[in-house]
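J.: Below you'll find the structure I mean.
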Amino acid sequence: VPGDHIYHTAARSLLCFFPVCILSIYTCLYLLSPLLAKHKQYTWFVLGFLGMAIVFLCINYFGAQLFLRLAYYYGKPETASFNLAFINTTHALIIGGISLGIQFSKNWYLRQKENILLARQKVVTELQLEKARIYPRFLHQSLDSLRKDLSKGSANASSLLLKISDLLSYILYDNNEKWVALEKELIMMQHLIDIEQSGRIKHLDLRISISGFTTGKYIVPMTLFQLLEHVFGALDEHRSSLSRLELDIQIRIQELCVTLAIVQQKNNGSGPDWSKVFYRTGQRLDAIYPGGCQLKLKKEGSTCTLLLQVALQYSGDVSSSISLSETTTALYETS
């Protein structure tokens, strides 16, 4: 600020011109912002902004005259009133525009956050509905497999019945828990695979590799079950398009890494659209593992590979008598 008494001049400048800056902020936030954000009246917004600039220019003109009288040592003639008014009006408009930008940025951020929350709540609601319907495809497949084994007098009928009973109990009761033992989730996954294999005329070439320690580790229930259920559901519609499945599960200290390779037969027409198949799986995992899940899908030739990483809850104080807890490397293969 020019002049011999710089601090006195600045104080009088603040007194004369700062109220218009405050008025600019309130005018932009409470008069102009509703025109633009709520009513989408862009023409009225522009006219209102121009009108506000003219009014502020007039107010600052009288404020500049008052300033020149108070700060007589400012060293500028009174003919500079318009220049001072124009400069300080520009400052007020810039401050008002910045306040509008901050408000719009805040509203946009809150809107995006609300949309994400609503989408997550929708997925959670769908999950609750899925828990109540007990997976009709799986239920029909398992009961049909049991009926066929009983009609043939197969020795596997009793073991198949126990596996179906364990899976239904898991779906109905353990599904409502926040965490279940990783050993149990893996055993239920193998039960599901056994039931699916027994009910198919042509068995799947399915190769499963499990490595790592499961002692004291917990996972969200139905994580692997739903993943494979979606795969088997898609295969029911395109049975002839599949060559084999390769499932590799690596159990680490704080996460579970799953690699599912789906190898389709060449020149077999259109198979399942796996991106759509796993879309709902990804939505569900995002809802139950917020910030703790990564799902990627890549395709190379006739092979579609799903890469999944989910967080594990670890408790070193929990011990289990299930045999899988002592497993370092297990191979489970059917053909």
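44 is the number of the first residue of the sequence shown in this note's numbering; add one for each residue after it.
All C-beta atoms in this analysis are idealised placements derived from N, C-alpha and C, irrespective of residue type, glycine included.
Please read all numbers here as calculations on a predicted model, not as lab measurements.
1. Judging by CA-CA distance, which residue of Tyr69, Asp248, Leu340, Ile296 is the nearest neighbour of Gln146?
2. Would you call the stretch 155-167 and the stretch 88-99 in contact, with 3 or more CB pairs under 8 Å?
3. Measuring CB atoms only, is the stretch 55-73 touching the stretch 130-146, in the sense that at least three cross pairs come out at less than 8 Å?
4. Which residues in the same chain have their Cβ closer than 6 Å to the Cβ of Arg180, if we skip the five residues on either side of it in sequence?
5. In angstroms, rounded to a whole number, what distance separates the CA positions of Tyr213 and Leu303?
6. Starting from Arg250, follow the beta strand (DSSP E) in both directions and report where the run begins and ends.
7. DSSP on Glu220, reduced to helix/strand/coil?
8. Taking C-beta to C-beta, are Leu204 and Leu189 nearer than 9 Å?
9. Am I right that Met265 and Asn218 are in contact with their C-beta atoms under 8 Å? What's the rounded C-beta distance?
10. So, for Ile292: in the same chain, excluding its five sequence neighbours on each side, which residues have a beta-carbon less than 6 Å away from its beta-carbon?
11. As a quick exercise: from Cys347, Val263, Ala128, His273, pick the residue whose alpha carbon is nearest that of Asp329.
12. Can you tell me whether Cys59 is buried or exposed? The criterion is at least 16 other CB atoms within 10 Å of its CB, across all chains shown.
13. Can you give me the C-alpha to C-alpha distance between Ile97 and Lys83, rounded to a whole angstrom?
14. Express the C-alpha separation of Gln269 and Glu239 in angstroms, rounding to a whole number.
15. Excluding sequence positions up to five away, which residues of its chain have a Cβ less than 6 Å from the Cβ of Cys347?
16. Please list the terminal residues of the continuous beta strand (DSSP E) segment that includes Thr302.
17. According to DSSP, what are the bridge partners of Cys336?
18. Return the Cβ separation of Gln352 and Tyr261 in integer angstroms, given the expectation that the two are a contact with Cβ distance under 8 Å.
19. From what residue to what residue does the beta strand (DSSP E) around Gly261 run?
20. Quick one: give me the first and last residue of the alpha helix (DSSP H) that Thr324 is part of.
21. Tell me which same chain residues have a C-beta within less than 6 Å of the C-beta of Ser378, skipping the five on either side of it?
22. Considering just the uninterrupted stretch of the alpha helix (DSSP H) at Met265, what are its terminal residues?
23. Along the alpha helix (DSSP H) that carries Gln84, what are the first and last residues, could you check?
24. So, helix, strand or coil for Arg295, using DSSP?
25. Per DSSP, which one or two residues make a beta bridge with Glu343?
26. Closer than 7 Å by C-beta to Ile331: which residues in its own chain qualify, once you throw out the five before and the five after it? Chain order, please.
27. To the nearest angstrom, report how far apart Ile294 and Gly259 are at their CA atoms.
28. Closer than 6 Å by C-beta to Ser106: which residues in its own chain qualify, once you throw out the five before and the five after it? Chain order, please.
29. Indicate whether Leu111 and Leu100 have their beta-carbon atoms separated by less than 9 Å.
T.: In terms of the structure at hand:
1. Within the sequence shown, numbered from 1, the residue matching residue 146 stands at position 103. Cα-wise, what sits closest to Gln146 is Tyr69.
2. no
3. Yes, the stretch 55-73 is in contact with the stretch 130-146.
4. On the sequence shown, residue 180 is found 137 positions in, with the first residue counted as 1. Taking Arg180 as the centre and dropping the five residues before and after it, the same chain places the C-beta of Gly276 closer than 6 Å to its C-beta, in chain order.
5. Taking the sequence shown and counting its residues from 1, one reaches residue 213 at position 170. Taking the sequence shown and counting its residues from 1, one reaches residue 303 at position 260. Cα-Cα distance, rounded: 23 Å.
6. The count along the sequence shown starts at 1 and reaches residue 250 at position 207. From DSSP, the beta strand (DSSP E) with Arg250 extends over 249-254.
7. In the sequence shown, the residue the question calls residue 220 occupies position 177. Reduced to three states, the DSSP call for Glu220 is coil.
8. Position 161 of the sequence shown, counted from the first residue, corresponds to residue 204. Position 146 of the sequence shown, counted from the first residue, corresponds to residue 189. Contact flag set, yes.
9. Within the sequence shown, the letter at position 222 stands for residue 265. Within the sequence shown, the letter at position 175 stands for residue 218. The pair is a contact, with the Cβ atoms about 6 Å apart (cut-off 8 Å).
10. Within the sequence shown, the letter at position 249 stands for residue 292. Counting only Cβ-Cβ distances below 6 Å, and skipping sequence neighbours, we find Ile253, Val301.
11. Taking the sequence shown and counting its residues from 1, the one referred to as residue 329 is at position 286. Out of Cys347, Val263, Ala128, His273, Val263 has the C-alpha closest to the C-alpha of Asp329.
12. Position 16 of the sequence shown, counted from the start, is the residue given in the question as residue 59. Buried: at least 16 other Cβ atoms inside 10 Å.
13. Residue mapping note: residue 97 aligns to position 54 of the sequence shown, counting from 1. Residue mapping note: residue 83 aligns to position 40 of the sequence shown, counting from 1. Their backbone Cα atoms lie some 23 Å apart in a straight line.
14. Numbered from 1 along the sequence shown, position 196 holds the residue referred to as residue 239. Numbered from 1 along the sequence shown, position 226 holds the residue referred to as residue 269. Straight-line Cα distance between these residues: approximately 14 Å.
15. Numbered from 1 along the sequence shown, position 304 holds the residue referred to as residue 347. If we look at Cys347 and ignore the five residues flanking it on each side, its Cβ neighbours are Ile305, Trp317.
16. Sequence index remark: in the sequence shown, residue 302 carries index 259 (1-based). First-last of the beta strand (DSSP E) with Thr302: 298-307.
17. Counting from one through the sequence shown, the residue named residue 336 turns up at place 293. Residue pairing by DSSP places Cys336 opposite Val353 in a beta bridge.
18. Within the sequence shown, numbered from 1, the residue matching residue 352 stands at position 309. Within the sequence shown, numbered from 1, the residue matching residue 261 stands at position 218. For a cut-off of 8 Å, the C-beta gap from Gln352 to Tyr261 is around 16 Å, too long to register as a contact.
19. Here residue 261 corresponds to residue number 218 of the sequence shown, with the count starting at 1. The sequence shown places Tyr at residue 261, not Gly. 260-262 is the span of the beta strand (DSSP E), which, as asked, contains Tyr261.
20. As a position in the sequence shown, residue 324 is number 281, starting the count at 1. Segment 322-331, the alpha helix (DSSP H) holding Thr324.
21. Here residue 378 refers to the residue found at position 335 when the sequence shown is read from its first residue. Unreliable placement is indicated for Ser378, whose pLDDT of 37 sits below 50; no coordinate value is reported for it.
22. The count along the sequence shown starts at 1 and reaches residue 265 at position 222. That residue, Met265, is in no alpha helix (DSSP H); it is neither H nor E in DSSP.
23. Counting from 1 along the sequence shown, the entry for residue 84 is found at position 41. Segment: none, Gln84 is in no alpha helix (DSSP H) and carries neither H nor E.
24. Along the sequence shown, read from residue 1 onward, the residue named residue 295 stands at position 252. Here Arg295 sits in coil by DSSP.
25. Sequence index remark: in the sequence shown, residue 343 carries index 300 (1-based). Answer by DSSP bridge pairing, in chain order: Thr346.
26. As a first step, residue 331 must be located in the sequence shown, where it is residue number 288. Around Ile331: Val263.
27. As a first step, residue 294 is located in the sequence shown; it is residue number 251 there, counting from the start. As a first step, residue 259 is located in the sequence shown; it is residue number 216 there, counting from the start. About 12 Å.
28. Here residue 106 refers to the residue found at position 63 of the sequence shown. Looking at the sequence shown, residue 106 is not Ser but Gly. Within the same chain, and ignoring the five residues on either side of Gly106 in sequence, the residues whose Cβ sits closer than 6 Å to its Cβ are Cys59, Phe60.
29. Against the sequence shown, residue 111 aligns to sequence position 68. Against the sequence shown, residue 100 aligns to sequence position 57. Against a cut-off of 9 Å, the Cβ pair of Leu100 and Leu111 comes out as no contact.
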